[in-house]
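Worksheet for the structure shown next.
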Amino acid sequence: MLFLQEPHLIIITLFEKKMNKYIATNRWGTFFGVTQKTLDTVWNNLTSPNGASVIYISMEIGADRDVYHPIKSRLQHSDIDKNSTNLLRHYSKLFLNGPEKIPNYGGGLGILAGDTLKSFADLKIPAIAVSLLYRKGYFSQLVDSRLGQISTAADWTPENTPSLYLMKNPDFPELPLEIEVPFYDEEDREILARARLWLKMEVSSNLDFFIPEILLDYSIPSSPEWIRQVSQRLYDSISDQAKAVQRRLLGASIITIKKTLGLTSQTIHLNEQHGVVVVLNLIAEWLETQIGDNYQIKATDKDILDAADAVAKHIVFTIHTPVKAGHDRFNKSIISRIGHAFCGRILHLLAQDEENPNQFNFTKLAMHVNRSVNSVSRLHKEVTQKQFPQFARKITAITNGVHHLTWISDAKAALYDSFSELKNWREDPAVFVNAGLLFTSEDFRENLERAWKEDTKRLIDYINDMLSLHRKQMHETWIDPPNYLSNLDGGAQELRPDVYTIGFARRFSTYKRADLIFDDMDRLADIIVSNNFPVNFIYAGKAHPSDEPGKSIIKLVLDLQDDLYIKTNGLAKLIFIPGYDMNIAKMMVSGVHAWLNSPKRPLEASGTSGMKAAMNGVPNISTLDGWWVEGYHEGKTGWKFGYEADIDTACLSEAPSTLLYEQDSTSFYEIFPKILETFYDVQLHAQYIDKCIYNLQLNCPIFNTHRMAAEYADRYNMHLPDPVAKRLQKLRRIYQSDL
Ligand SMILES: *Cc1c(COP(=O)(O)O)cnc(C)c1O
């Protein structure tokens, strides 16, 4: 059945014309987007004596407003007129026209954090997040065909960014709230770093709950210059010391924030080990209560280990990657320059790196001190158990998800809204199991293709505009266009939306093998030419500025463009879109016809961009790694290729000679002609659409952050109000990651 108008819009226009009641105040400031009642409820939860809330610590949080913006959406459908108060008109103007980007994320980890917190808000799981505020963000990417990736500063101003508030000092409301975090030099002399607290509101889709995210701004005049320096950029790579200081700025702030804000949270969730310094502080705090003032001198090793056991009861740790570069190891000399000698003693007992006697290993500390370790997919659980045999028994799996309301395109959302079989999908993504009823609906199939074409057109239009813009810039700037096609004349440079379009976008690093399918260019070209099947290959992604091998793969992809074009007589076009961010990601995952992922198994712990594609009905073509092991469903939802035998620790190598280029690309060439045929052959095309519907039916209900948050809430083990607990229980019944 087809509704005439999007039902959620009807609700908004009928009941919520007025936004006056969405301004709320408490001792920390004045906030827009939730009612006073909601603000009070959220704050009462976080400070309630029962302690049923969680502090979620993450180095990065990605939640740009141009892909998801419940407050702005609501404003677009409400009346703000001259009768509105000045304050409301101020917020309205800011939220409708203010900057969309908060460049506080580098990639998958940060976006997962943002998606998780949005689901916490939608499900009313009481939580508060802590991260850092990077005034120069992560880097912005320019791409030049000769130079490859060029990084520039990502300038932004927190001061005029909607949803972001500088917290007030309740004793002196005209002053901002500041906290102090002690550092210690080699003689244990205290040096105070100071931070201002920004509060970002991650508001639920109905504006009836929110998760506060505290972003610590250490780049303020009262902080020492060297602290200000290293707090400017996410994953600053000037030195190991800068990295260690950043980690400490995050982890060592937690107890102070807890005290300052009066938080009672009994659980701390470490999203990756970056913030694990909090564990050192908690151990010290526990010893102080047991032993008293001189605990640093009096505590025995056994006391410290007992304290670690006590602290462990409060820690939930998610490990995100088997790749070594993802695990912080620091020289002991660096740690002794910034932390107290007593912290060194704790680290000595709990974080000694096995391979290098001069280093502490922060992953090991996090592995040690927790009540639950989660890997991010079933396969990753197996890998992590092999990597950390000492902790194997407590390692479990909670497979990642994505926030469905963020990643489903407008066109697809309107489609889902208009079929009663999917009624309520916004509140409950488990509803998508009913997509199975739609296989035989011609109406649905036609409308799915229509919505998809709309999304493809948006992507292809964006690319064509980009190509001609770069062509113009070539004459006006020193940058050589990153795409070969910008140099071509006439219509040849234009992409067409009816051409089979494959997307690949993620961080560039060696194990992700972005160039894998071009390994044998002649063979790839032959498949395309002999079948006369045109193909668009759309690529995007950043490499960390200090990851030279990653950057060289970007350069390699650029260098392949003309070769591919010429060898296929112009049938294949390989495009690189610079400046990958959430907006480009959403355009790509919803607009392409297939999503490609080619990591070396088993190094992709989960991967999430493929889930975003699946939510839009887009099939994946992927090596059997990460989430795809669970999402592949014997080929119903897409295609697999490459090595898939059992994993052992030898597979974890990233050395060039172990990356299986020849074997896995050959496997891709074997399935590729069939994929193209299924898409292009009118007799077979219905099978292609079946795969899309299978993605809705089999993958949407599982690979979303609502289900994932429900599994985490179980690990948090906290008492929640009945309706919340029941809703989470229902979500958990659909899928259990930890088999
Ligand atoms: C989803 C996303 C990622 C993560 O993609 P993976 O497949 O997990 O590597 C990285 N960057 C952006 C901008 C994204 O939207």
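Taking the working numbering as reference, the numbering of the sequence shown is continuous, increasing by one, and the terminal residue is 745. For each residue, glycine too, the CB sits at the ideal point set by N, CA and C.
Just to check, is the beta-carbon of residue i closer than 7 Å to a non-hydrogen atom of ligand 1?
i: Arg513; result: yes
i: Gly407; result: no
i: Ile469; result: no
i: Ile117; result: yes
i: Met749; result: Since the first residue of the chain shown is 7 and the last is 745, residue 749 is not available in this structure.
i: Ser381; result: no
i: Ala331; result: no
i: Gly281; result: no
i: Ser228; result: no
i: Lys618; result: yes
i: Gly113; result: yes
i: Thr614; result: yes
i: Ala69; result: no
i: Thr318; result: Reading off the sequence shown, one finds Ala at residue 318, where the question assumed Thr. Checking every heavy atom of ligand 1 against the Cβ of Ala318, none is found closer than 7 Å.
i: Ala591; result: yes
State the beta-bridge partners of residue i as determined by DSSP.
i: Glu184; result: Arg202
i: Asp218; result: The residue you asked about is not Asp; residue 218 is Pro in the sequence shown. DSSP lists Met207 as partners of Pro218.
i: Trp601; result: Gly509, Asn626
i: Asn32; result: Gly35
i: Phe336; result: Phe366
i: Asn710; result: Val408
i: Lys548; result: DSSP lists no partner for Lys548.
i: Asp359; result: DSSP output for Asp359 lists no bridge partner at all.
i: Leu580; result: Phe543
i: Ser378; result: Val322
i: Ser146; result: Thr158
i: Glu668; result: DSSP, once it has assigned bridges, lists no residue as partnering Glu668.
i: Thr402; result: Asn380
i: Phe178; result: Asn175
i: Leu170; result: Lys206
i: Phe189; result: Ile197
With a cut-off of 8 Å on the beta carbons, I'd call residue i and residue j a contact; round off their distance for me.
i: Ala611; j: Thr324; result: Going by Cβ atoms, the distance from Ala611 to Thr324 rounds to 10 Å, so no, they are not a contact pair.
i: Lys606; j: Arg519; result: 6 Å
i: Tyr700; j: His639; result: 7 Å
i: Asn626; j: Ile414; result: Actually they do not touch by this definition, with Cβ atoms about 16 Å apart.
i: Ala531; j: Lys573; result: 4 Å
i: Val598; j: Gly509; result: 4 Å
i: Thr559; j: Leu148; result: A small correction: the amino acid at residue 559 is Ile; Thr does not occupy that position in the sequence shown. Between Leu148 and Ile559 the Cβ distance is about 17 Å, and since that is not below 8 Å, they are no contact.
i: Ile117; j: Thr614; result: 7 Å
i: Lys206; j: Thr412; result: Between Thr412 and Lys206 the Cβ distance is about 15 Å, and since that is not below 8 Å, they are no contact.
i: Ser671; j: Asp495; result: Ser671 to Asp495, Cβ: 33 Å. No contact.
i: Pro164; j: Ala199; result: About 18 Å; that fails the 8 Å criterion.
i: Pro188; j: Tyr144; result: Between Tyr144 and Pro188 the Cβ distance is about 28 Å, and since that is not below 8 Å, they are no contact.
i: Glu650; j: Ser383; result: About 15 Å; that fails the 8 Å criterion.
Of all the options the options, which has the alpha carbon lying nearest to the alpha carbon of residue i?
i: Ser271; options: Leu411, Ile261, Asn166; result: Ile261
i: Gly576; options: Leu183, Met593, Tyr490; result: Tyr490
i: Tyr722; options: Thr41, Phe126, Lys618; result: Phe126
i: Thr684; options: Trp645, Pro707, Ala661; result: Trp645
i: Lys579; options: Ser492, Asp553, Glu361; result: Ser492
i: Gly350; options: Ala651, Asn287, Asn453, Val322; result: Asn287
i: Phe678; options: Val635, Ala731, Glu650, Ala600; result: Ala600
i: Thr369; options: Ser383, Leu385, Arg384, Thr390; result: Thr390
i: Tyr741; options: Pro707, His354, Ile544, Asp423; result: Pro707
i: Leu93; options: Gly39, Asn51, Gly68; result: Gly39
i: Ser378; options: Arg738, Leu726, Tyr718; result: Tyr718
i: Tyr140; options: Gly497, Leu385, Gly154, Gly68; result: Gly68
i: Ser474; options: Val730, Glu500, Ala248; result: Glu500
i: Ala133; options: Ala331, Ile61, Asn212, Tyr190; result: Ile61
i: Ile77; options: Tyr649, Asn51, Phe216; result: Phe216
i: Ala417; options: Arg384, Phe445, Lys400, Glu455; result: Glu455
i: Phe709; options: Ala620, Asp728, Asp687; result: Ala620
i: Ser211; options: Arg202, Leu221, Val282, Tyr74; result: Tyr74
i: Gly556; options: Ile590, Asp521, Phe366, Ile344; result: Asp521
i: Tyr506; options: Ala250, Leu129, Ile681, Asp161; result: Ile681
Hey, does residue i have any beta-carbon neighbour from chain B nearer than 8 Å?
i: Tyr28; result: Among the chains of the structure shown, chain B does not appear; only one protein chain is present.
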